[in-house]
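>
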Amino acid sequence: MAGLRLATYNVEWFNALFDDQGRLLADSGPSARYKTSRAEQLGALGTVFAALDADLVMVIEAPDTNGKRSTVTALETFARHFGLRARKAIIGYPSETEQEIACLYDPDRLSVRHDPKGAPTGSHGSADAPRFDGTFRYDLNADAVSETIRFSKPPLELAVTTKGGTALRLIGVHAKSKNPHGAVGRAAEIRLSIENRRKQLAQCLWLRQRVEGHLQAGDSLVVMGDFNDGPGLDEFEKLFGRSGVEIVLGTAPDPATRLTDPHATMALQSKVGLQPTTARFYLAPQKRFFEALLDFIMVSPDLADPDLAGPDLADKAPVWRIWHPFNDPALAKIPQLREAVLQASDHFPVTLDLPDVI
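So the sequence shown is numbered by this note's numbering: it starts at 399 and just counts up by one.
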């Protein structure tokens, strides 16, 4: 395979498909997917991962790591069962939830290590891009008093080297959800939604500080995962002037300071009309599906390289793809794969092909 393929994939409650020993629960028991057995979800996931054929997959909501369970064991068992090239797993700091950020990669083409940046912090925290398992201080309420922010799912920072010797920095992200879970009544929902958005934005500001450090160092950087946010996604964005995605991408006029994701750019430029989406949720009260753009693969200017957009170099330009079962014509033509994508998760995979990276 020429070039390099990276993928990000949020797998809904992947953890529920394994026992404490990391063995597959390929049985008729219910999965977390509506009217889907564990065997059916596992089979669908195997089909999707095989079709992706990625060199590296950032797995969002990966199986749990705790005193009894191992993310690495579960993912490597999954990869071995389905014969995947990306068969080696790595995790960073375990999360406070049953949803980890992990990575599956092809060890024949890549060497990968957990390489966190930033200084560790105590409970007091730091306003200067601390390590992602620490505490960040930021004035969320604009009242001259800084609050402490933590990631329930600390971003996964990886140092990656390709077989050809190219060095990349990868950051896997699962930012805080803005949904007002647990709120009772409209007023409580609004208060909690605003509070959650503030925290989500603070996490994105923390990420942006790390991004700026890598750009200043001249690193080839990829930031990928589920941001639980997107340009124009909800009415609360107007209160803060910009989305968390815009913050991480960068808003300064100098292109050397900005990351690139064409799907985010499309959403920013098209306030009405067609927009890309990466997730599909069923809303029971309305009895219909809702789609959103939540998953991104952002790259540094050297990887995006707009000079490669000319026709003579089109074969070397990076290619982003959302594996949407209805909006991707090539995928829609394969019924088995289309149905597998729908059955496997409430998010769709996103891939990035870097033809010039080997």
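Note that CB positions come from ideal geometry on N, CA and C, so glycine has one too.
Would you check if there are 3 or more beta carbon pairs closer than 8 Å linking the region 673 to 686 to the region 738 to 755?
The region 673 to 686 is in contact with the region 738 to 755.
> Considering only C-alpha positions, which residue in the set Phe687, Leu701 and Glu474 is nearest to Arg567?
Checking every option, the nearest Cα to that of Arg567 belongs to Leu701.
> Please classify Asn626 as buried or exposed, where buried requires at least 16 other C-beta atoms within 10 Å of its C-beta.
buried
> Only counting the same chain, and skipping five residues up and downstream in sequence, which positions put a Cβ closer than 6 Å to that of Arg485?
The residues Ala477, in chain order, have a CB closer than 6 Å to that of Arg485 in the same chain once the five nearest residues on each side in sequence are set aside.
> Are the beta-carbon atoms belonging to Met456 and Gly570 less than 8 Å from one another?
yes
> Please report the straight-line C-alpha distance between Thr445 and Gln741, rounded to a whole angstrom.
11 Å
> Would you give the residue range spanned by the alpha helix (DSSP H) that Ala742 belongs to?
From DSSP, the alpha helix (DSSP H) with Ala742 extends over Pro733 to Ala742.
> Roughly how many whole angstroms lie between the Cα atoms of Val620 and Gly642?
Looking at the two C-alpha atoms, the distance is approximately 16 Å.
> On the DSSP letters alone, give me the boundaries of the beta strand (DSSP E) that Arg640 sits inside.
First-last for Arg640: undefined, no H or E at that position.
> Could you check how far apart the C-beta atoms of Ile695 and Trp718 are, in whole angstroms? I think they sit under 8 Å.
Contact flag correct, Cβ pair sits at about 6 Å.
> In its own chain, which residues sit with a C-beta less than 6 Å from the C-beta of Leu605, not counting the 5 before and 5 after it?
Val646
> Please list the segments of the alpha helix (DSSP H) lying wholly inside the region 653 to 726, counting only runs of 4 or more residues, in order along the chain.
660 to 667 and 699 to 702
> Could you name the residues of the same chain whose beta carbon sits closer than 6 Å to that of Ala557, not counting the 5 residues immediately before and after it, in chain order?
Arg511 and Asp513
> Taking Arg640 as the reference, which of Cys602, Lys731, Pro716 and Leu415 has the closest Cα?
Cys602
> Using a Cβ-Cβ cut-off of 6 Å (strictly less than) and excluding sequence neighbours within five positions of Arg431, which residues of its own chain qualify?
Gln439
> According to the Cβ coordinates, are Asp453 and Glu498 closer than 8 Å?
no
> Can you say whether Asn594 is buried or exposed, counting buried as having 16 or more other CB atoms within 10 angstroms of its CB?
By the 16-neighbour rule on beta-carbons within 10 angstroms, Asn594 is buried.
> Taking the alpha-carbon positions, what's the Ser550 to Phe688 distance?
26 Å
> Kindly provide the ranges of any beta strand (DSSP E) runs that are 3 or more residues long and lie completely inside the region 470 to 499, ordered along the chain.
486 to 489
> What is the residue span of the beta strand (DSSP E) that Val455 lies within?
Leu454 to Ala460
> Which term fits Pro832, buried or exposed, when burial requires 16 or more other beta carbons within 10 angstroms of its beta carbon?
Lying outside 399 to 756, the shown extent of the chain, residue 832 is not represented and no answer is given.
> Express the C-alpha separation of Gly563 and Arg686 in angstroms, rounding to a whole number.
48 Å
> Beta-carbon separation of Ser521 and Arg535 under 8 Å?
no
> Express the C-alpha separation of Thr649 and Ile489 in angstroms, rounding to a whole number.
31 Å
> Which partner residues of Gly420 appear in the DSSP bridge assignment?
Answer by DSSP bridge pairing: none, since Gly420 is not bridged.
> Provide the residue span of the alpha helix (DSSP H) that contains Glu555, from first to last.
Secondary structure note for Glu555: it is in no alpha helix (DSSP H), and the uninterrupted beta strand (DSSP E) holding it is Leu554 to Thr560.
> With a threshold of 16 other CB atoms inside 10 Å of the CB of Arg421, please say whether the residue is buried or exposed.
exposed
> What first and last residue would you give for the alpha helix (DSSP H) that runs through Ala437?
Segment Arg436 to Leu450, the alpha helix (DSSP H) holding Ala437.
> If Ala527 sits next to Arg608, beta carbons under 8 Å apart, how far is it from one beta carbon to the other, in whole angstroms?
5 Å
> So, with DSSP's three-state summary, where would you put Leu603?
helix
> What's the C-alpha gap between Gly401 and Gly481?
21 Å
> Taking only the alpha-carbon atoms, compute the straight-line gap between Arg507 and Leu538 and give it to the nearest angstrom.
43 Å
> From Met622 to Asp751, what does the alpha carbon distance come to, in whole angstroms?
13 Å
> Please go through the same chain and pick out, in chain order, the residues whose beta-carbon is closer than 6 Å to the beta-carbon of Leu404, but skip the five residues on each side of it.
Leu454 and Leu750
> When the Cα atoms are used, what is the spatial distance from Asp617 to Lys515?
13 Å
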